Amino acid sequence: MRIEMLVLFDIDGTLLRRVPPEESGRKVSVKEEAFMHTLRRLWSVDEGFYTSVVGSNLEGMTDLTIMEKLAGGLGVAADQVRSRTEEVKKVLIEEFEKLVKKYAPTNEYVILPGVRELLEELKARQAKLGLATGNLEHFAMYKMRLMKLDQYFTLGAFGDHSFERREIVKKALREGAQEKSFLVGDTPADIEAGHSCNIGVIAVVTGKHSLQELEACSPELLVKSLTERDRILRYLGF
(Lines of atoms letter the chains of each structure in order from A and count residues from 1; the text may use other names and numbers.)
(Lines give C-alpha, C1' and ligand atoms only; values in the text may rest on other atoms or scores of the structure.)
Protein backbone atom coordinates (compact mmCIF):
# COMPACT_ATOMS: atom_id res chain seq x y z
CA MET A 1 0.00 0.00 0.00
CA ARG A 2 1.42 3.39 -1.01
CA ILE A 3 1.96 5.86 1.82
CA GLU A 4 0.56 9.32 1.15
CA MET A 5 3.47 11.73 1.60
CA LEU A 6 3.85 15.51 1.74
CA VAL A 7 7.26 17.15 1.36
CA LEU A 8 7.44 20.88 2.10
CA PHE A 9 10.26 23.09 0.84
CA ASP A 10 11.62 26.43 1.91
CA ILE A 11 12.74 28.58 -1.04
CA ASP A 12 15.71 30.88 -0.39
CA GLY A 13 18.87 28.93 0.38
CA THR A 14 17.03 25.63 -0.17
CA LEU A 15 15.71 25.72 -3.74
CA LEU A 16 17.32 28.95 -4.95
CA ARG A 17 20.11 31.31 -4.08
CA ARG A 18 20.48 34.95 -4.97
CA VAL A 19 23.26 35.72 -7.42
CA PRO A 20 26.03 37.77 -5.69
CA PRO A 21 25.88 41.55 -6.31
CA GLU A 22 29.18 41.51 -8.21
CA GLU A 23 27.60 39.10 -10.73
CA SER A 24 24.09 40.56 -10.94
CA GLY A 25 25.24 44.17 -10.92
CA ARG A 26 22.77 45.12 -8.17
CA LYS A 27 23.75 46.11 -4.62
CA VAL A 28 20.40 44.90 -3.31
CA SER A 29 17.75 42.70 -4.93
CA VAL A 30 14.58 44.01 -6.53
CA LYS A 31 12.67 42.65 -3.56
CA GLU A 32 14.95 44.45 -1.09
CA GLU A 33 14.53 47.68 -3.03
CA ALA A 34 10.76 47.20 -2.79
CA PHE A 35 11.16 47.09 1.00
CA MET A 36 13.01 50.41 0.86
CA HIS A 37 10.32 52.05 -1.27
CA THR A 38 7.63 50.71 1.07
CA LEU A 39 9.35 52.20 4.11
CA ARG A 40 9.54 55.51 2.29
CA ARG A 41 5.87 55.47 1.27
CA LEU A 42 4.43 54.38 4.61
CA TRP A 43 6.75 56.05 7.12
CA SER A 44 8.89 58.50 5.10
CA VAL A 45 12.11 56.75 6.17
CA ASP A 46 14.83 55.01 4.22
CA GLU A 47 18.07 56.70 5.23
CA GLY A 48 20.51 53.99 6.22
CA PHE A 49 18.41 51.28 4.55
CA TYR A 50 21.27 49.72 2.60
CA THR A 51 23.41 49.44 5.73
CA SER A 52 20.42 48.00 7.57
CA VAL A 53 19.89 45.30 4.94
CA VAL A 54 23.52 44.40 4.40
CA GLY A 55 24.31 44.41 8.11
CA SER A 56 21.32 42.37 9.26
CA ASN A 57 20.96 38.63 9.65
CA LEU A 58 17.59 38.11 7.98
CA GLU A 59 17.98 34.39 7.28
CA GLY A 60 14.92 32.32 8.16
CA MET A 61 12.72 35.36 8.83
CA THR A 62 9.34 35.88 7.22
CA ASP A 63 8.89 38.91 4.97
CA LEU A 64 6.65 40.56 7.55
CA THR A 65 9.23 40.02 10.28
CA ILE A 66 11.94 41.41 7.98
CA MET A 67 9.85 44.53 7.44
CA GLU A 68 9.35 44.84 11.19
CA LYS A 69 13.09 44.46 11.83
CA LEU A 70 14.19 46.87 9.12
CA ALA A 71 11.57 49.43 10.10
CA GLY A 72 12.63 49.11 13.73
CA GLY A 73 16.24 49.78 12.76
CA LEU A 74 15.08 53.01 11.15
CA GLY A 75 13.04 54.14 14.15
CA VAL A 76 9.58 52.74 13.36
CA ALA A 77 7.92 50.92 16.30
CA ALA A 78 6.94 47.27 15.77
CA ASP A 79 3.29 47.93 16.58
CA GLN A 80 3.15 50.45 13.73
CA VAL A 81 4.14 47.68 11.33
CA ARG A 82 1.81 45.05 12.79
CA SER A 83 -1.19 47.39 12.89
CA ARG A 84 -0.73 48.09 9.17
CA THR A 85 0.03 44.54 8.00
CA GLU A 86 -2.45 44.50 5.11
CA GLU A 87 -1.28 47.90 3.90
CA VAL A 88 2.36 46.81 4.18
CA LYS A 89 1.71 43.75 2.00
CA LYS A 90 -0.23 45.76 -0.58
CA VAL A 91 2.43 48.46 -0.91
CA LEU A 92 5.29 45.93 -0.97
CA ILE A 93 3.69 44.12 -3.91
CA GLU A 94 2.93 47.37 -5.74
CA GLU A 95 6.51 48.58 -5.37
CA PHE A 96 7.90 45.20 -6.36
CA GLU A 97 5.86 45.10 -9.56
CA LYS A 98 6.98 48.61 -10.50
CA LEU A 99 10.61 47.55 -10.11
CA VAL A 100 10.16 44.31 -12.05
CA LYS A 101 8.72 46.32 -14.95
CA LYS A 102 11.57 48.84 -14.68
CA TYR A 103 14.48 46.39 -14.47
CA ALA A 104 13.05 43.17 -15.97
CA PRO A 105 15.58 41.17 -13.89
CA THR A 106 16.41 37.68 -15.13
CA ASN A 107 19.73 37.02 -13.43
CA GLU A 108 18.94 37.52 -9.74
CA TYR A 109 18.57 33.85 -8.79
CA VAL A 110 19.97 30.45 -9.65
CA ILE A 111 18.57 27.01 -8.88
CA LEU A 112 20.72 25.20 -6.34
CA PRO A 113 22.44 21.89 -7.22
CA GLY A 114 20.24 18.80 -7.24
CA VAL A 115 16.98 20.67 -6.81
CA ARG A 116 15.27 19.94 -10.11
CA GLU A 117 16.41 16.31 -10.11
CA LEU A 118 15.04 15.72 -6.60
CA LEU A 119 11.73 17.40 -7.42
CA GLU A 120 11.40 15.29 -10.56
CA GLU A 121 12.11 12.13 -8.56
CA LEU A 122 9.59 12.98 -5.84
CA LYS A 123 6.96 13.90 -8.41
CA ALA A 124 7.53 10.59 -10.21
CA ARG A 125 7.04 8.78 -6.89
CA GLN A 126 3.74 10.64 -6.41
CA ALA A 127 4.76 12.60 -3.33
CA LYS A 128 2.74 15.76 -2.83
CA LEU A 129 5.07 18.78 -2.94
CA GLY A 130 4.43 22.08 -1.22
CA LEU A 131 6.10 25.34 -0.28
CA ALA A 132 6.50 26.58 3.30
CA THR A 133 8.26 29.90 3.02
CA GLY A 134 8.50 33.26 4.71
CA ASN A 135 8.16 34.97 1.32
CA LEU A 136 4.87 36.68 0.62
CA GLU A 137 2.96 34.46 -1.80
CA HIS A 138 3.37 37.02 -4.59
CA PHE A 139 7.17 36.98 -4.20
CA ALA A 140 7.36 33.21 -3.78
CA MET A 141 5.42 32.48 -6.94
CA TYR A 142 7.34 35.13 -8.88
CA LYS A 143 10.56 33.28 -8.03
CA MET A 144 9.07 29.87 -8.82
CA ARG A 145 7.74 31.00 -12.20
CA LEU A 146 10.95 32.86 -13.04
CA MET A 147 13.01 29.72 -12.42
CA LYS A 148 10.35 27.38 -13.90
CA LEU A 149 9.86 25.43 -10.66
CA ASP A 150 6.18 26.29 -10.14
CA GLN A 151 5.06 23.15 -12.01
CA TYR A 152 6.21 20.93 -9.14
CA PHE A 153 4.18 22.44 -6.30
CA THR A 154 0.49 21.90 -5.69
CA LEU A 155 0.10 23.84 -2.43
CA GLY A 156 1.86 26.33 -0.22
CA ALA A 157 1.79 28.49 2.86
CA PHE A 158 3.51 31.84 2.76
CA GLY A 159 4.69 34.87 4.69
CA ASP A 160 1.30 36.52 4.13
CA HIS A 161 -0.18 34.22 6.72
CA SER A 162 1.94 34.94 9.78
CA PHE A 163 4.98 36.68 11.22
CA GLU A 164 5.97 33.24 12.64
CA ARG A 165 7.48 30.48 10.51
CA ARG A 166 5.99 27.68 12.60
CA GLU A 167 2.49 29.01 11.86
CA ILE A 168 3.29 28.97 8.15
CA VAL A 169 4.38 25.32 8.37
CA LYS A 170 1.22 24.46 10.33
CA LYS A 171 -0.93 26.00 7.62
CA ALA A 172 0.88 24.06 4.89
CA LEU A 173 0.38 20.83 6.83
CA ARG A 174 -3.35 21.52 7.20
CA GLU A 175 -3.61 22.08 3.45
CA GLY A 176 -1.48 19.05 2.58
CA ALA A 177 -2.98 16.62 5.16
CA GLN A 178 -0.94 13.52 4.32
CA GLU A 179 -0.07 10.41 6.32
CA LYS A 180 3.64 11.35 6.45
CA SER A 181 5.03 14.88 6.18
CA PHE A 182 8.53 16.34 6.00
CA LEU A 183 10.15 19.76 5.69
CA VAL A 184 13.30 20.65 3.73
CA GLY A 185 15.08 23.85 4.76
CA ASP A 186 18.43 25.56 5.24
CA THR A 187 18.10 27.52 8.50
CA PRO A 188 17.72 26.80 12.21
CA ALA A 189 14.32 28.51 11.93
CA ASP A 190 13.20 25.85 9.44
CA ILE A 191 14.33 23.06 11.75
CA GLU A 192 12.65 24.61 14.78
CA ALA A 193 9.42 25.16 12.82
CA GLY A 194 9.36 21.55 11.60
CA HIS A 195 10.01 20.16 15.05
CA SER A 196 7.34 22.37 16.59
CA CYS A 197 4.92 20.74 14.16
CA ASN A 198 6.22 17.23 14.95
CA ILE A 199 7.50 16.46 11.46
CA GLY A 200 10.89 15.28 10.25
CA VAL A 201 13.28 17.88 8.89
CA ILE A 202 15.90 17.54 6.17
CA ALA A 203 18.43 20.35 6.64
CA VAL A 204 20.57 21.34 3.67
CA VAL A 205 23.82 23.31 3.90
CA THR A 206 23.25 25.52 0.84
CA GLY A 207 22.21 28.69 2.66
CA LYS A 208 24.22 30.93 4.94
CA HIS A 209 24.35 28.58 7.93
CA SER A 210 27.20 26.15 8.44
CA LEU A 211 26.93 22.41 8.82
CA GLN A 212 27.83 22.80 12.50
CA GLU A 213 25.10 25.40 13.09
CA LEU A 214 22.45 23.22 11.50
CA GLU A 215 23.72 20.05 13.17
CA ALA A 216 23.32 21.74 16.57
CA CYS A 217 19.57 22.00 15.87
CA SER A 218 19.27 18.20 15.46
CA PRO A 219 17.57 17.77 12.09
CA GLU A 220 16.57 14.21 11.26
CA LEU A 221 18.78 14.32 8.17
CA LEU A 222 21.58 16.74 7.32
CA VAL A 223 22.92 16.95 3.76
CA LYS A 224 25.49 19.21 2.10
CA SER A 225 23.23 19.72 -0.92
CA LEU A 226 20.16 18.24 -2.54
CA THR A 227 22.45 16.32 -4.88
CA GLU A 228 22.52 13.70 -2.07
CA ARG A 229 19.33 12.35 -3.56
CA ASP A 230 19.79 8.69 -2.59
CA ARG A 231 20.23 9.57 1.10
CA ILE A 232 17.18 11.80 1.00
CA LEU A 233 15.01 9.17 -0.69
CA ARG A 234 16.10 6.50 1.79
CA TYR A 235 15.24 8.77 4.71
CA LEU A 236 11.82 9.48 3.20
CA GLY A 237 11.21 5.74 2.97
CA PHE A 238 11.47 5.18 -0.78
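If you read the sequence shown in this note's numbering, its first letter stands for residue 625, the second for the next number, and so on.
The beta carbon of each residue, even a glycine, is placed where N, CA and C say it ideally should be.
Remember, predicted model here, so these are calculated numbers, not experimental data.
How many Å lie between residue 819 and residue 790 at the Cα? Cα-Cα distance, rounded: 9 Å.
At the level of alpha carbons, what is the spacing between residue 787 and residue 796? One C-alpha to the other measures close to 15 Å.
Nearest candidate by alpha-carbon position, reference residue 748, set 721, 649, 764 and 776: Considering only alpha carbons, the answer is 776.
Quick one: measure Cβ to Cβ for residue 728 and residue 756, integer angstroms, because I've assumed they're closer than 8 Å. The C-beta separation of residue 728 from residue 756 comes to about 29 Å, leaving the pair out of contact by the 8 Å criterion.
Between residue 830 and residue 842, is the Cβ-Cβ spacing less than 8 Å? Taking C-beta atoms as the reference points, residue 830 and residue 842 fail to come closer than 8 Å.
Beta-carbon contacts of residue 654 that lie in its chain and below 7 Å, excluding the five residues immediately before and after: Correct list, in chain order: 720, 723, 724, 727, 729 and 732.
Mark residue 825 as exposed unless 16 or more other C-beta atoms lie within 10 angstroms of its C-beta, in which case mark it buried. It counts as buried.
Pick from 815, 855, 663 and 853 that is closest to residue 840, judged by C-alpha positions: Residue 815 is the option with its Cα nearest to residue 840.
Quick one: what's residue 752 bridged to in DSSP? 630.
Hey, out of 745, 652 and 861, whose CA is closest to residue 805's CA? Residue 861 is the option with its Cα nearest to residue 805.
Identify, in the order they occur along the chain, each residue of the same chain with its Cβ nearer than 7 Å to the Cβ of residue 701, setting aside the five sequence neighbours on each side. Excluding residues up to 5 positions away in sequence, nothing lies with its Cβ nearer than 7 Å to the Cβ of residue 701 in the same chain.
Using 10 angstroms around the beta-carbon of residue 778, count the other beta-carbons present and answer buried if the total reaches 16, otherwise exposed. It is exposed - the Cβ of residue 778 has fewer than 16 other Cβ atoms within 10 Å.
Taking residue 851 as the reference, which of 649, 638 and 708 has the closest Cα? When each option's Cα is compared against that of residue 851, the closest is 638.
In angstroms with no decimal places, state the Cα-to-Cα distance between residue 835 and residue 635. Straight-line Cα distance between these residues: approximately 18 Å.
Tell me which residue opens and which closes the alpha helix (DSSP H) that residue 859 is part of. For residue 859, the uninterrupted alpha helix (DSSP H) segment begins and ends at 853–860.
Sorted by chain position, which residues of the same chain lie with C-beta nearer than 6 Å to residue 813's C-beta, five sequence neighbours on each side aside? Scanning its chain for C-beta atoms nearer than 6 Å, with the 5 sequence neighbours on each side dropped, one finds around residue 813 the residues 684 and 789, in chain order.
Using DSSP's beta-bridge definition, name the partner residues of residue 712. DSSP links residue 712 through a beta bridge to no other residue.
Using only the alpha-carbon positions, how far apart do residue 657 and residue 759 sit? About 15 Å.
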